[in-house]
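Undergrad:
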Amino acid sequence: TEQVKWWKELVVYQVYPRSYKDSNGDGVGDIGGLIQSLDYIQSLGVDAIWLSPVYPSPNEDNGYDISDYCDIQPEFGTMQQWETFLAESHRRGLKVVMDIVVNHTSDQHNWFKEARKSKDNPYHDYYIWRTAEEGKLPNNWQSFFSGTVWQYNEATSEYYLHLFAKGQPDLNWENPKVREEVKKVIEFWAKKGVDGFRLDVINVISKTPGLPDASIKNPSDMFHWAGEHFFNGPKFIEWMTDVRKNVFDRYKVFTVGETPGVTPAHGKQYTHSVDGVVNMIFQFELVGIDQKPDGSKFDHVPAKLEDVKRVTNKWQLEIGRDGWNSNYLENHDQPRSVSRYGRDVGEERILSAKMLAAWYLFLKGTPYIYQGQEIGMTNVVFPSIKDYNDVETLNYYKEAREMGREEGDLMYGIRNKSRDNARTPMQWNASNHAGFTSGESSWLSVNPNYTEINVASAESDSNSILHFYRKILTLRKENKVAIYGDYNIIAEEHPQVFAYTRTSEEKQLLVCANFSDREAAVEFGEGQNLYGGAEKVLLDNYSHASPSQIRKGLKMKPYQVVVAIYD
Ligand code: TEU
Ligand code: CA
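Residue numbers for the sequence shown follow the UniProt record's numbering, so the first one is 5 and each next one is one higher.
In structure tokens, the structure reads:
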């Protein structure tokens, strides 16, 4: 049976501090505002807070470009305030997960400032340099943020590699000194009592030796293209085993690796209970189903339930007993799930957000809830590209316009997929700027729908998405079958309904979610190994009397979700 582990039982809440709560009126979220919000976070029933980076950064990528790993970004507050945040979280029984971004630093980091001075500078080999013939680039790789991965450095007449923004030079993990520095950084935070680490884009640290050209299959889609030479590279396991053995294993911490470009086989290997390197990973297959096959994520097409089923089912089944999944619908890089997989207007926003919540929170694996997801925050419709902040979005727009792409077509993709959809300020109440800041403005405009979608109105509405999340998290805590039970899909072919069971020796959960805006009749034929025994409906997003005898099948209303338990 499944090994019992504390981090398998966690529900993690992600905070993007810049957008969460501003406590000093400068329009930028900060640690003071986060401390003020801890009672609210605790009230959700979550067990841990994953904090996006709060270290000093020039904010080319809003903190994922770090210029000092062992200090706090002044606009967020001080180290003293961070220590208070940690103590106040622990006092409330909340664990703290820090974001470790060590595939690259900021170009403002001292290491890089030194490295770029000269070829024989002791820090030069902390990064990846290449010379190239006049007018040629060292290779044909494209950055995740558009354009070449090579940036010229006058002082040494070389190019440096950056898989992300120009200001995010990749660290050279082949250099043992870099690996030592990384272990020191993680240990600095582990010693402070941090309970977990989220490892940013960790499976790109090992590149194919020689950095050869990529065979261009699909030039516009970075993920499925040049990744052949940096996703899951040859030394990844060796280097991360060293970090795990010499740091993670020596502290009571858990780890989640952010790993784009992985298959379930990688997932199983990386999270293996004996010789894995992290406890769980974020996979990107489910967030890759709604784009044109020969396009990038901005070439948006609506997600299809058959793909949600195919991908989810595969990951649930193939990670196996020795591995472990994380399950997420949103984060600071993804659009809002009710806009992406449900409907984000009117009554259907409430129904579909609740359906999505129950559907994913009862899957097997550690679930992550992103700030605002619990109140059904939606994508934002900004009038113009000038309203956007995200470097990925702005670089994409610029490059696509230069290539002659049509404005309307681009804005459709950006409105559906820009990371800024997740970064508009948290909507606390219906007062000015949604109660996010007492200042005149915020660094990114508040979604105008904050007047109806906000925490305060959700708290006072017993039928709100917020209360539904709280109920689900309570049910997860009360029913261990939701953590450790085996997953099986049922009625797999149904075109509107995703139904699955979670089964342990003594209990069975049945989760039945209608992903469509139409009524759906679903039958659970024989041989679905459905338990007999007493049936108890635990959850239903339609308030009237729930159906009974669900095990045989049921007639579902649009976006209805029903959860029953059998023992
Ligand atoms: O994201 C890595 C990553 O793959 C995403 O940027 C993804 O490419 C895109 O955003 C969605 O298609 C991590 C961080 O989560 C992201 O915020 C950083 O921008 C990036 O690494 C670089 O640190
Ligand atoms: Ca502030």
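Think of the CB as a built atom: it goes at the ideal place given N, C-alpha and C, for glycine as much as any other residue. Small disclaimer: the values here were computed from a predicted structure and weren't measured.
(1) What span of residues does the alpha helix (DSSP H) with Tyr-401 cover, start to end?
(2) How would you label Tyr-156, buried or exposed, when you count the other beta carbons within 10 angstroms and need 16 or more for buried?
(3) Starting from Ser-41, trace the alpha helix (DSSP H) in both directions and tell me its first and last residue.
(4) Does the beta carbon of Val-58 fall short of 7 Å from some heavy atom of ligand 1?
(5) With DSSP as the reference, label Met-430 as helix, strand or coil.
(6) Using the rule of at least 16 other Cβ atoms within 10 Å of the residue's Cβ for burial, across every protein chain shown, is Gln-553 buried or exposed?
(7) When a residue counts only if its C-beta is closer than 5 Å to some heavy atom of ligand 2, which residues count, in chain order?
(8) Using the rule of at least 16 other Cβ atoms within 10 Å of the residue's Cβ for burial, across every protein chain shown, is Thr-478 buried or exposed?
(9) Kindly list the residues whose CB is nearer than 8 Å to the CB of Tyr-392, restricted to its own chain and excluding five residues on each side of it in sequence; keep chain order.
(10) Check whether the Cβ of Arg-423 sits closer than 7 Å to any heavy atom of ligand 1, and report yes or no.
(11) Assuming Trp-54 is part of the beta strand (DSSP E), what are its boundary residues?
(12) Using 8 Å for Cβ pairs, my map puts Asn-176 next to Tyr-130. What's the rounded Cβ distance?
(13) Does DSSP put Met-102 in a helix, in a strand, or in coil?
(14) Give the single residue among Gln-85, Phe-502 and Lys-140 whose Cα lies nearest to the Cα of Lys-308.
(15) Go ahead and label Cys-516 buried or exposed: buried means 16 or more other beta carbons lie within 10 angstroms of its beta carbon, across all protein chains shown.
(16) Quick check: the segment 95-106 against the segment 39-55, are at least 3 beta-carbon pairs closer than 8 Å?
(17) How many angstroms separate the CA atom of Tyr-17 from the CA atom of Tyr-345?
(18) How should Arg-555 be labelled, buried or exposed, when 16 other C-beta atoms within 10 angstroms of its C-beta is the threshold for buried?
(19) Does the beta-carbon distance from Asn-236 to Gly-265 come in below 8 Å?
(20) Report the rounded CA-to-CA distance for Asn-207 versus Leu-290, giving the unit in angstroms.
(21) The alpha helix (DSSP H) that contains Tyr-372, what's its start and end?
(22) For Glu-351 and Phe-440, what's the separation of their Cα atoms in angstroms?
(23) To the nearest angstrom, how far is the alpha carbon of Pro-452 from that of Asn-458?
(24) Extract the residue ranges of the beta strand (DSSP E) inside the segment 473-545, only unbroken runs of 3 or more that lie entirely within it.
(25) Rounded to the nearest angstrom, what separates Tyr-374 and Tyr-127 at their Cα positions?
(26) In the segment 224-302, which residue ranges form an unbroken alpha helix (DSSP H) of at least 4 residues, counting only runs that do not cross its ends?
(27) So is Ala-357 buried or exposed if we call it buried at 16+ other beta carbons inside 10 Å?
(28) Around the C-beta of Ser-161, are 16 or more other C-beta atoms found within 10 angstroms, so that it is buried, or is it exposed?
(29) Between Ile-293 and the rest of its own chain, which residues show a CB-CB distance below 8 Å, the 5 nearest in sequence each way excluded?
(30) At a cut-off of 7 Å, is Lys-301 close to ligand 1 when judged by its beta-carbon and the heavy atoms of the ligand?
(31) Within 7 Å: the Cβ of Pro-264 and any heavy atom of ligand 1?
(32) Per DSSP, which one or two residues make a beta bridge with Thr-152?
(33) Looking at the unbroken beta strand (DSSP E) that takes in Met-560, where does it start and where does it end?
(34) If you reduce the DSSP assignment to three classes, tell me which class Val-567 lands in.
(35) Please tell me whether, using a cut-off of 7 Å, the distance from the CB of Asp-294 to the nearest non-hydrogen atom of ligand 1 is below it.
(36) Going by the beta-carbon positions, is the gap between Ile-285 and Val-257 smaller than 8 Å?
TA: Reading it off the structure:
(1) Taking the sequence shown and counting its residues from 1, one reaches residue 401 at position 397. Its alpha helix (DSSP H) spans residues 395-406.
(2) As a position in the sequence shown, residue 156 is number 152, starting the count at 1. When all chains shown are included, Tyr-156 counts as exposed.
(3) Translated into the one-based positions of the sequence shown, residue 41 becomes position 37. No alpha helix (DSSP H) contains Ser-41, which DSSP labels as neither H nor E.
(4) Against the sequence shown, residue 58 aligns to sequence position 54. Incorrect: Val-58 has no Cβ contact closer than 7 Å to ligand 1.
(5) Here residue 430 corresponds to residue number 426 of the sequence shown, with the count starting at 1. Of the three classes helix, strand and coil, the one that applies to Met-430 here is coil, per DSSP.
(6) One-based indexing of the sequence shown puts residue 553 at position 549. Classification for Gln-553: exposed.
(7) So the residues near ligand 2 by this Cβ test are Asp-26, Asn-28, Asp-30, Val-32 and Asp-34.
(8) For the purposes of this step, residue 478 is taken as residue 474 along the sequence shown, with counting starting at 1. The residue is exposed, with fewer than 16 neighbouring Cβ atoms inside 10 Å.
(9) The residue labelled residue 392 in the question sits at position 388 within the sequence shown. Closer than 8 Å at Cβ, skipping near neighbours: Phe-386, Leu-398, Tyr-401, Ile-418, Ser-422 and Asp-424.
(10) Indexing the sequence shown from 1 puts residue 423 at position 419. Within the cutoff, so yes.
(11) For the purposes of this step, residue 54 is taken as the residue at position 50 of the sequence shown. For Trp-54, the enclosing beta strand (DSSP E) has its first and last residue at 52-55.
(12) Position 172 of the sequence shown, counted from the first residue, corresponds to residue 176. Position 126 of the sequence shown, counted from the first residue, corresponds to residue 130. Contact flag correct, Cβ pair sits at about 6 Å.
(13) Residue 102 sits at position 98 when you count from the first residue of the sequence shown. Correct three-state label for Met-102: strand.
(14) Looking up residue 308 in the sequence shown gives position 304. The residue with the shortest Cα to Cα distance from Lys-308 is Phe-502.
(15) One-based indexing of the sequence shown puts residue 516 at position 512. Buried: at least 16 other Cβ atoms inside 10 Å.
(16) In this structure the segment 39-55 touches the segment 95-106; the number of beta carbon pairs closer than 8 Å is three or more.
(17) Locating residue 17 in the sequence shown gives position 13, counting from the first residue. Locating residue 345 in the sequence shown gives position 341, counting from the first residue. Going from the Cα of Tyr-17 to the Cα of Tyr-345 covers about 20 Å.
(18) Translated into positions along the sequence shown, residue 555 becomes position 551. In this structure Arg-555 is buried. Its beta-carbon is surrounded by 16 or more other beta-carbon atoms within 10 angstroms.
(19) As a first step, residue 236 is located in the sequence shown; it is residue number 232 there, counting from the start. As a first step, residue 265 is located in the sequence shown; it is residue number 261 there, counting from the start. Their beta carbons are under 8 Å apart, which means Asn-236 touches Gly-265 by this criterion.
(20) Taking the sequence shown and counting its residues from 1, the one referred to as residue 207 is at position 203. Taking the sequence shown and counting its residues from 1, the one referred to as residue 290 is at position 286. Their backbone Cα atoms lie some 18 Å apart in a straight line.
(21) Within the sequence shown, numbered from 1, the residue matching residue 372 stands at position 368. From DSSP, Tyr-372 is part of no alpha helix (DSSP H) but of the beta strand (DSSP E) over 370-374.
(22) Your numbering for residue 351 matches position 347 in the sequence shown. Your numbering for residue 440 matches position 436 in the sequence shown. Using only the alpha carbons, I get a separation of about 25 Å.
(23) The residue labelled residue 452 in the question sits at position 448 within the sequence shown. The residue labelled residue 458 in the question sits at position 454 within the sequence shown. Cα-Cα distance, rounded: 11 Å.
(24) 490-494, 501-507, 512-518, 524-527 and 539-544
(25) In the sequence shown, residue 374 corresponds to position 370, counting from 1. In the sequence shown, residue 127 corresponds to position 123, counting from 1. About 37 Å.
(26) 240-250 and 268-274
(27) Reading the sequence shown from its first residue, position 353 is the one you call residue 357. So Ala-357 counts as buried.
(28) Within the sequence shown, residue 161 is the residue found at index 157, counting from 1. Exposed: under 16 other Cβ atoms inside 10 Å.
(29) For the purposes of this step, residue 293 is taken as the residue at position 289 of the sequence shown. Excluding residues within five positions, the ones whose Cβ falls inside 8 Å are Ala-307, Lys-308, Asp-311, Val-312 and Val-315.
(30) Taking the first residue of the sequence shown as position 1, residue 301 is located at position 297. At least one heavy atom of ligand 1 is nearer than 7 Å to the Cβ of Lys-301, so yes.
(31) Taking the first residue of the sequence shown as position 1, residue 264 is located at position 260. Answer for Pro-264: yes, Cβ within range of ligand 1.
(32) Against the sequence shown, residue 152 aligns to sequence position 148. Looking at the DSSP assignment, Thr-152 forms a beta bridge with Gln-146.
(33) Taking the sequence shown and counting its residues from 1, one reaches residue 560 at position 556. 557-560 is the span of the beta strand (DSSP E), which, as asked, contains Met-560.
(34) Taking the sequence shown and counting its residues from 1, the one referred to as residue 567 is at position 563. DSSP places Val-567 in strand when its eight states are reduced to three.
(35) Within the sequence shown, residue 294 is the residue found at index 290, counting from 1. Outside the cutoff, so no.
(36) The sequence position of residue 285 within the sequence shown is 281, counting from 1. The sequence position of residue 257 within the sequence shown is 253, counting from 1. Against a cut-off of 8 Å, the Cβ pair of Val-257 and Ile-285 comes out as no contact.
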